[in-house]
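Take 7 as the starting number for the sequence shown in the numbering used here and just add one per residue.
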Amino acid sequence: MKKYALISVSDKTGIETLAMELEGLGYTILSTSRTAKHLRQFCNSLVEVSDYTGFPEILDGRVTTLHPKIHGAILADRDKDSHLRSLEEHGIGRIDIVAVNLYPFAEVMMKENSSHEQIIENIDIGGPCLIRAAAKNYRNVTVLCDHRDYEPTIAHLKQDSQIPECWSSYLAQKAFAMVSNYDAVIADYMEDFRSETVPEEDMPPFIDISANKFQPLRYGENPHQKAAFYTNRPDGWKVLHGKELSFNNIMDIDASLRAIRLFTDPTVIIVKHCNPCGIGSGNDLAEAYRRAFATDTVAPFGGIVVVNRRLDLEAAVMINRIFTEIIIAPGYEQGVLEVLMKKKSRRLISYEPSFLLKASNTHEIKTMQWGYLAQ
7 MKKYALISVS
17 DKTGIETLAM
27 ELEGLGYTIL
37 STSRTAKHLR
47 QFCNSLVEVS
57 DYTGFPEILD
67 GRVTTLHPKI
77 HGAILADRDK
87 DSHLRSLEEH
97 GIGRIDIVAV
107 NLYPFAEVMM
117 KENSSHEQII
127 ENIDIGGPCL
137 IRAAAKNYRN
147 VTVLCDHRDY
157 EPTIAHLKQD
167 SQIPECWSSY
177 LAQKAFAMVS
187 NYDAVIADYM
197 EDFRSETVPE
207 EDMPPFIDIS
217 ANKFQPLRYG
227 ENPHQKAAFY
237 TNRPDGWKVL
247 HGKELSFNNI
257 MDIDASLRAI
267 RLFTDPTVII
277 VKHCNPCGIG
287 SGNDLAEAYR
297 RAFATDTVAP
307 FGGIVVVNRR
317 LDLEAAVMIN
327 RIFTEIIIAP
337 GYEQGVLEVL
347 MKKKSRRLIS
357 YEPSFLLKAS
367 NTHEIKTMQW
377 GYLAQ
């Protein structure tokens with residue numbers, strides 16, 4: 007019986023190798039039009055989904071894979087005779103591998119020039135259906151939604167001619183989590199379009215915590231704890247100089263940015279252990295720093311300084327008089343970075359002022375042993 011692998015991806019990283027390896031293992035590649043166009047030069051056995059189903063893509067590609075010949079081929083339980091008879095009766099093959107990733111909704115949403123219509127058009131419908139169907143039938147179908155899983159999956163097929171259940175169940179769990187995260191980001195975006203005629207609840211009936219792992223960390227708040235940084239907004243700030251940020255550094259940076267967003271005049275805030283220990287505003291950053299430092303002349307050592315203007319040389323020289331571990335600014339005047347970079351153990355960070363205009367998280371959540379507190 008012919009073996010099918012369905013490949014339909016937005017992120018095409020590694021699919022050429024995946025398709026060629028699968029074809030070499032005897033799979034016929036099914037693919038949607040855009041992915042097929044990319045793969046055709048690499049595969050001899052490629053079949054477009056519309057040719058397989060006998061039904062064309064419609065609505066400018068909004069309906070492509072939503073067809074019984076696709077979902078029946080994925081969802082059929084190979085251990086049930088009734089399912090196999092149904093496949094044979096309707097001329098449906100078996101799709102054993104589903105490699106699918108989704109429209110880049112979050113990436114399009116975060117672009118400043120994206121219209122609402124463009125963002126909505128990047129809500130994937132067919133992709134999540136394929137992923138969920140394959141994940142549900144993980145004992146018979148392998149679902150691949152992360153290009154990092156292509157190589158180990160091929161290795162399993164070459165070694166055993168099949169996928170061990172421990173691997174396919176791991177991929178299924180990962181797939182469900184990815185789709186859940188994808189939908190949560192969409193729901194969060196749609197919250198901004200709540201009609202004014204719909205009464206706002208005091209607190210939502212449920213809360214989705216949705217973010218992608220952006221950066222693994224060496225350890226958490228303490229050395230014995232594992233940790234990572236998760237976010238859907240990695241473009242808000244970046245490290246210009248210094249070693250990798252720690253868990254506690256990122257906590258301090260968050261506290262600093264939460265505080266500085268409250269001020270419009272030239273302002274300097276000195277933060278230590280997530281708490282402001284000095285705040286000053288003035289006609290310029292130099293005056294603001296003098297006032298902030300005067301609040302507490304001891305605590306600033308080894309702390310964080312955040313400003314809300316491009317950091318000029320006069321203020322930078324003042325900050326440089328004591329050891330300041332992290333300096334955060336929306337930009338740096340000419341020559342300032344060269345002065346501040348002389349201390350190698352220091353981190354220098356720039357942030358986009360527009361990043362502070364609207365918080366991506368509307369609720370503050372505290373993790374408890376048996377649940378969450380939100381406010």
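C-beta: ideal position from N, C-alpha, C; glycine also.
Tell me whether residue i is buried or exposed, calling it buried when 16 or more other Cβ atoms sit within 10 Å of its Cβ.
{"i": "K75", "result": "buried"}
{"i": "Y5", "result": "In the structure as shown, the chain starts at 7 and stops at 381, and residue 5 therefore has no counterpart that could be examined."}
{"i": "M347", "result": "exposed"}
{"i": "N382", "result": "Beyond the ends of the chain as shown, which are 7 and 381, falls residue 382; an answer cannot be given."}
{"i": "L65", "result": "exposed"}
{"i": "L177", "result": "buried"}
{"i": "S14", "result": "buried"}
{"i": "L363", "result": "exposed"}
{"i": "N238", "result": "buried"}
{"i": "I131", "result": "exposed"}
Quick one, which of the options has its alpha-carbon nearest residue i's?
{"i": "H153", "options": "A140, A25, D302, E127", "result": "A25"}
{"i": "S360", "options": "L263, A298, P306, H369", "result": "L263"}
{"i": "L223", "options": "K249, I131, G308", "result": "K249"}
{"i": "E157", "options": "E370, E27, N289, E358", "result": "E27"}
{"i": "I215", "options": "N228, A190, R239", "result": "A190"}
{"i": "S447", "options": "Y188, D166, T159", "result": "For the chain, the structure presents residues 7 to 381; residue 447 sits outside this window and is missing."}
{"i": "I192", "options": "H96, L150, A265, F111", "result": "F111"}
{"i": "T19", "options": "C151, D130, A233, Y357", "result": "C151"}
{"i": "V277", "options": "V312, R327, D290, A300", "result": "V312"}
{"i": "R327", "options": "F61, A292, Y225", "result": "A292"}
{"i": "R100", "options": "A380, A265, T34", "result": "T34"}
{"i": "F212", "options": "A183, G97, A380", "result": "A380"}
{"i": "A139", "options": "H73, S167, T41, C49", "result": "H73"}
Expressed to the nearest angstrom, what Euclidean distance is found between the alpha-carbon atoms of residue i and residue j?
{"i": "M257", "j": "S120", "result": "30 Å"}
{"i": "N196", "j": "I125", "result": "A small fix is needed here, since residue 196 is Met in this sequence, not Asn. Roughly 10 Å between the two C-alpha positions."}
{"i": "P134", "j": "M209", "result": "29 Å"}
{"i": "F220", "j": "Y338", "result": "25 Å"}
{"i": "I103", "j": "D85", "result": "17 Å"}
{"i": "D271", "j": "N314", "result": "8 Å"}
{"i": "H247", "j": "K9", "result": "52 Å"}
{"i": "R316", "j": "A335", "result": "6 Å"}
{"i": "L31", "j": "Q47", "result": "18 Å"}
{"i": "M324", "j": "A305", "result": "16 Å"}
{"i": "Y295", "j": "G242", "result": "24 Å"}
{"i": "N351", "j": "R267", "result": "Rather than Asn, the amino acid found at residue 351 in this sequence is Ser. Cα to Cα, S351 sits roughly 27 Å from R267."}
{"i": "G67", "j": "E171", "result": "34 Å"}
{"i": "N143", "j": "E344", "result": "58 Å"}
{"i": "V53", "j": "A141", "result": "23 Å"}
{"i": "A82", "j": "T59", "result": "16 Å"}
{"i": "Q179", "j": "G78", "result": "21 Å"}
{"i": "L108", "j": "E127", "result": "12 Å"}
{"i": "R297", "j": "S287", "result": "7 Å"}
{"i": "Q165", "j": "V149", "result": "19 Å"}
{"i": "E94", "j": "M7", "result": "11 Å"}
{"i": "I169", "j": "D155", "result": "12 Å"}
{"i": "K372", "j": "A234", "result": "17 Å"}
{"i": "F307", "j": "T273", "result": "19 Å"}
{"i": "T71", "j": "D290", "result": "59 Å"}
{"i": "W376", "j": "S16", "result": "38 Å"}
{"i": "G309", "j": "F329", "result": "8 Å"}
{"i": "I129", "j": "Q231", "result": "37 Å"}
What distance in whole Å lies between the Cβ atoms of residue j and residue i, which are believed to be in contact at a cut-off of 8 Å?
{"i": "I137", "j": "V106", "result": "5 Å"}
{"i": "A261", "j": "C280", "result": "4 Å"}
{"i": "L36", "j": "A11", "result": "7 Å"}
{"i": "E331", "j": "R353", "result": "7 Å"}
{"i": "S39", "j": "E63", "result": "6 Å"}
{"i": "N255", "j": "E227", "result": "Not a contact, Cβ separation roughly 11 Å."}
{"i": "I355", "j": "K244", "result": "7 Å"}
{"i": "T303", "j": "I285", "result": "Not a contact, Cβ separation roughly 14 Å."}
{"i": "V147", "j": "I80", "result": "6 Å"}
Between which two residues does the alpha helix (DSSP H) carrying residue i extend?
{"i": "A217", "result": "Premise fails: A217 is in no alpha helix (DSSP H) and is neither H nor E."}
{"i": "Y188", "result": "171 to 196"}
{"i": "P306", "result": "Premise fails: P306 is in no alpha helix (DSSP H) and is neither H nor E."}
{"i": "L65", "result": "From DSSP, L65 is part of no alpha helix (DSSP H); its letter is neither H nor E."}
{"i": "M116", "result": "111 to 116"}
Where do the ends of the beta strand (DSSP E) carrying residue i lie?
{"i": "T34", "result": "33 to 37"}
{"i": "G99", "result": "Looking at the DSSP string, G99 is not in any beta strand (DSSP E), and its letter there is neither H nor E."}
{"i": "L263", "result": "Not the beta strand (DSSP E): L263 falls in the alpha helix (DSSP H), residues 253 to 266."}
{"i": "M26", "result": "No beta strand (DSSP E) contains M26, which is instead part of the alpha helix (DSSP H) from 21 to 30."}
{"i": "P229", "result": "Note, P229: premise wrong, no beta strand (DSSP E); not H, not E."}
{"i": "V312", "result": "310 to 313"}
{"i": "A11", "result": "9 to 14"}
{"i": "G377", "result": "377 to 380"}
{"i": "K75", "result": "Here K75 belongs to no beta strand (DSSP E); instead the alpha helix (DSSP H) covers 74 to 81."}
{"i": "G247", "result": "The sequence given here has His at residue 247, not Gly. Run containing H247: 243 to 247, per the beta strand (DSSP E) assignment."}
{"i": "C283", "result": "281 to 287"}
{"i": "T273", "result": "273 to 278"}
{"i": "R353", "result": "353 to 357"}
Looking at the ligand ZN, does it come within less than 7 Å of residue i, judged from the CB to the closest heavy atom?
{"i": "I285", "result": "The model depicted lacks the ligand ZN and carries no ligand whatsoever."}
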